[in-house]
Amino acid sequence: MAAPLPLRLERDRRTPLGVQLATQVRDLITAGTLGTGDRLPSSRALAADLGVSRAVAEQGYDQLLAEGWLETRQGSGTYVAASAHLAPVTGGTRVGVRAGASSTPSLVKFDSGSPWIDPRHAAGWRRAWRDVAAATPPAGYPDPRGLPELREALATQLARTRGLACSPDQILVTTGTTDGLRLLMDALPPGPVAVEDPGYRAAVRVVRLAGRDVADVPVGAAGIEVGAVPYGVRAVYVTPAHQHPLGMTMSASTRLALLDRARELDAVVVEDDYDSEFRYDVAPLPALATLDPDRVVYLGTASKSVTPGLRLGWLVASPGVVDEIVGLRLLTHDVASWPVQRAYLSMLRDGHVDRLVRSARRVYADRSARVLARLGRFGEVHTPAAGMYLTLQLPADRARAAADAAAAAGFGVPLLGTYARSVSRPGLLLGFGGCTDAELDAVLDVLESSLAESG
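The sequence shown begins at -13 in the numbering used here and counts up by one.
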């Protein structure tokens, strides 16, 4: 029988008991008190020791299993995982500083794009690459539209999850959303592009590198301010499902107005659907492209669901736009890696992608609620309904002080103002995908303390 764990849960704290439990067990592992292969008490025994419900113990264990700190052995119990071999954390080490070769510690980044990938599903990743190894690669350059079988699978996936009915021939496989945007810039007639402000910085950079001017369009509570989209633009880039970085969902009336404006200007609407699968209040809303597939160019990505390092995405557009891009690709052979496409096809067929999305959605919902509970009272927050970050709007001096306090503690928290160009939107953006629960709790302690002192 496993020995009892030296844990102490405080019911008067705002942090949920299951989170406290997970944090304290994680600390025992990183401190070396619990070593690789050590057996933990059963959830029933642990609950009895701590005087809490079994559900609390199971919640804590589930979180640690998801993060890879623990592993279960069928018929035997729960153990410290072999992969949990981090160096001990001493009392003089900041939680936010990760060990490295350099004497200058790097910041733990709380950015908007780093996802949480459930380590429990690593077997699906390995199966996909074994499938690639067993497959026969093409003799020449890959299909400029992308692997045909993958485009068929993506068409099925988009219809099922985003309500977007399209044929495989309307899909181009890309190396990510910015690559899809770059390809589109090469295919459109010359002219400026309207972009949400504040908005996705990489999109602005892609447009400018294409030699086009950027028309900044402010964002309101219902999404982009359609009346401010100027004449002469060739495209309007938007993030309707989850505005980046403010977090609101574009309203139905704004969607219809935007499409009317695009028809009036003879412009295309570029829908960057970067994280809609992680909506955690209701099912993901239908894509904007469902309202006018000929007017909207849809961009999707595997970066948030599988890993940013996969470098895979897709573009869905009208046949004319697709043919124009394919013609350019035939000249440049600028296509996505065949092994990567083949691996992602295997992940879709195997259900690996769906499993990762379901796991991450639960984690993001929990972390979002924790961030909102700790920081929501200090400023304006668009109550998060999706994704892996939260934006807190507050005065510039308080935001800067909080970001500086976080940096001093080893955490990189972006200022909201860095996402704006022509408008003033001071505040903080706190991503909670690419961190551990302990790191999230630690940065929340710092930010809450700083904001309370400056308020």
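Glycine included, C-beta positions come from ideal geometry on N, C-alpha and C.
Inter-residue distance for residue 375 and residue 125 is about 43 Å (C-alpha atoms, whole angstroms).
The stretch 186 to 194 makes contact with the stretch 165 to 176: 3 or more CB pairs, one atom from each, lie closer than 8 Å. Residue 300 has 159, 286 as its beta-bridge partners, per DSSP.
In the DSSP annotation of this structure, the continuous segment of the beta strand (DSSP E) that includes residue 65 starts and ends at 63 to 66.
Counted as a single uninterrupted DSSP element, the stretch harbouring residue 305 is not any beta strand (DSSP E) but the alpha helix (DSSP H) occupying residues 305 to 318. For residue 58, the enclosing beta strand (DSSP E) stretches over residues 56 to 59. For residue 224, the uninterrupted beta strand (DSSP E) run begins and ends at 221 to 224, by DSSP.
Taking all protein chains in view, the Cβ of residue 319 is surrounded by fewer than 16 other Cβ atoms within 10 Å, so the residue is classified as exposed. If the five residues before and after residue 115 are omitted, its C-beta is found closer than 7 Å to the C-beta atoms of 329, all from its own chain and listed in chain order. For residue 261, the three-state secondary structure derived from DSSP is coil. Burial state of residue 217 is exposed, judged by a 10 Å Cβ sphere holding fewer than 16 other Cβ atoms. Rounded to whole angstroms, the separation of the alpha carbons of residue 40 and residue 34 is 8 Å. Remark: C-beta atoms of residue 214 and residue 203 approach each other more closely than 7 Å. Considered as a whole, the stretch 322 to 368 harbours 324 to 336, 338 to 361 as its complete alpha helix (DSSP H) runs of no fewer than 4 residues, in chain order.
Assigned with DSSP and collapsed to three states, residue 103 falls in coil, not helix or strand. Cβ-Cβ distances below 7 Å link residue 7 to -7, -5, 42, 43, 46 in the same chain, with the five nearest sequence neighbours on each side left out; the list follows chain order.
Taking a C-beta distance under 7 Å as the contact criterion, residue 419 and residue 92 do not qualify as a contact pair. Apart from the 5 residues on each side of it in sequence, residue 436 sits with its Cβ closer than 7 Å to the Cβ of 387, 388, 391 in its chain, given in chain order. In the structure shown, the three-state DSSP call for residue 124 is coil. Residue 152 sits close to residue 302, with the two beta carbons spaced by under 7 Å. Residue 16 counts as buried, since no fewer than 16 other beta carbons sit within 10 angstroms of its beta carbon. The residue among 259, 307, 266 with its C-alpha nearest the C-alpha of residue 281 is 307.
In terms of Cβ geometry, residue 416 and residue 399 form a close pair [threshold 7 Å]. Counting along the chain, no beta strand (DSSP E) covers residue -4, and no H or E run does either. Following the DSSP letters along the chain, one finds residue 211 in no alpha helix (DSSP H), marked with neither H nor E. By the neighbour-count criterion, in which a residue is buried when 16 or more other Cβ atoms sit within 10 angstroms of its Cβ, residue 372 is buried. Sequence-distant Cβ neighbours of residue 411 in its own chain, meaning closer than 8 Å and more than five residues away, are 184, 232, 379, 402, 403, 405. Residue 98 counts as buried, since at least 16 other C-beta atoms from the protein chains shown sit within 10 angstroms of its C-beta. Closest by C-alpha distance to residue 326, out of 11, 19, 136, 109, is 136.
The shortest C-alpha to C-alpha distance from residue 300 to any of 365, 53, 162, 1 is the one to 162.
Assigned with DSSP and collapsed to three states, residue 375 falls in strand.
By the Cβ test, the stretch 138 to 148 is not in contact with the stretch 170 to 177, since fewer than three Cβ pairs between them sit closer than 8 Å. Judged by beta-carbon spacing, residue 160 lies beyond the 7 Å limit of residue 209, meaning their Cβ atoms are not closer than that value.
The Cβ atoms of residue 315 and residue 130 lie closer than 7 Å to each other.
Under the three-state reduction of DSSP output, residue 93 falls in the coil class, being neither helix nor strand.
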